[in-house]
Ligand code: SF4
């Protein structure tokens with residue numbers, strides 16, 4: 460299969476359980492909950508996205524004809540030493556991430572993580588599954604390592620209590636970042652923090668990469 464990749468870059472994971480860990484982010488193009496076009500946003504299932512996942516024109520992006528070629532491009536971004544870690548994100552990575560690609564990463568010594576909206580079942584063999592439910596999109600992937608809920612969302616279906624019985628090791632609330640509206644963002648941080656204080660199953664996940672100026 461040919462993989463469409465928006466960008467590949469080395470950074471520090473800014474969110475959730477692996478905050479602060481070096482990782483190669485490999486962003487697939489395309490999502491099943493929004494076209495990525497502003498004109499479609501109001502009609503989209505997921506309306507708060509702040510990610511450009513259209514096309515293959517980002518740094519390191521492109522069309523990769525084989526799993527081996529894509530894994531080589533990811534491996535080329537890793538510095539020497541440590542445990543190589545790739546995070547497959549998007550867009551929605553499970554539209555494209557498959558067993559041959561996971562195998563190709565493992566063959567190069569990588570741990571393989573995924574950040575998915577949970578609407579597609581994850582293939583076997585992943586080392587870290589992070590599910591971030593969106594709006595009222597049906598949740599198919601109901602187990603994994605961490606559930607990271609952007610908070611608050613408008614839909615009643617995204618009440619955190621709804622997810623507490625699912626099979627995850629960690630539960631994170633991540634305040635909704637409203638681009639260009641720091642006051643609104645601050646109120647989301649405060650409400651997410653208050654929720655975590657009242658419901659200790661949940662931990663606060665802040666987007667630390669933004670605080671330190673990393674992508
Ligand atoms: S599911 Fe994720 S990538 Fe897709 S539109 Fe929503 S936030 Fe963006």
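In this note's numbering, the protein residues as written are 460 to 674. Every residue, glycine too, gets a C-beta built ideally from N, C-alpha and C.
The straight-line gap separating the alpha-carbon atoms of residue 506 and residue 484 is approximately 23 Å. Taking 6 Å as the cut-off, one finds at least one heavy atom of ligand 1 near enough to the beta carbon of residue 510. Taking 4 residues as the shortest admissible run, the stretch 475-543 contains the following complete alpha helix (DSSP H) segments, listed from N- to C-terminal end: 526-534. Of the residues 586, 658 and 654, the one whose Cα lies closest to the Cα of residue 564 is 586. Taking a contact as a CB-CB distance under 8 Å, the pair residue 606 and residue 622 counts as one, their CB atoms being some 6 Å apart.
Counted as a single uninterrupted DSSP element, the beta strand (DSSP E) harbouring residue 570 occupies residues 570-575.
DSSP, read as helix, strand or coil, puts residue 648 in helix. Pairing residue 525 with residue 463, the inter-Cα distance amounts to about 11 Å. Assigned with DSSP and collapsed to three states, residue 561 falls in helix. The beta-carbon distance between residue 512 and residue 489, rounded to whole angstroms, is 6 Å. This is short enough to meet the 8 Å contact definition.
Residue 486 is a Cβ neighbour of residue 549, given a cutoff of 7 Å. If the five residues before and after residue 567 are omitted, its C-beta is found closer than 6 Å to the C-beta atoms of 530 and 534, all from its own chain and listed in chain order.
In this model, residue 504 and residue 593 are separated by some 8 Å (Cα to Cα). DSSP, read as helix, strand or coil, puts residue 593 in coil.
For the stretch 601-646, the continuous beta strand (DSSP E) assignments of 3+ residues that do not extend past its boundaries occur at 602-610 and 626-634, in sequence order. Within the model, the alpha-carbon separation for residue 521 versus residue 465 is close to 7 Å. Using a Cβ distance threshold of 7 Å, residue 570 and residue 544 count as a contacting pair. Look at residue 492: its beta carbon is less than 6 Å from one of the heavy atoms in ligand 1. The three-state reading of DSSP puts residue 566 in helix, counting H, G and I together. Taking a 10 Å sphere around the C-beta of residue 561, we find 16 or more other C-beta atoms and assign the residue as buried.
For residue 593, the shortest separation between its Cβ and any heavy atom of ligand 1 lies below 6 Å. Under the three-state reduction of DSSP output, residue 667 falls in the helix class.
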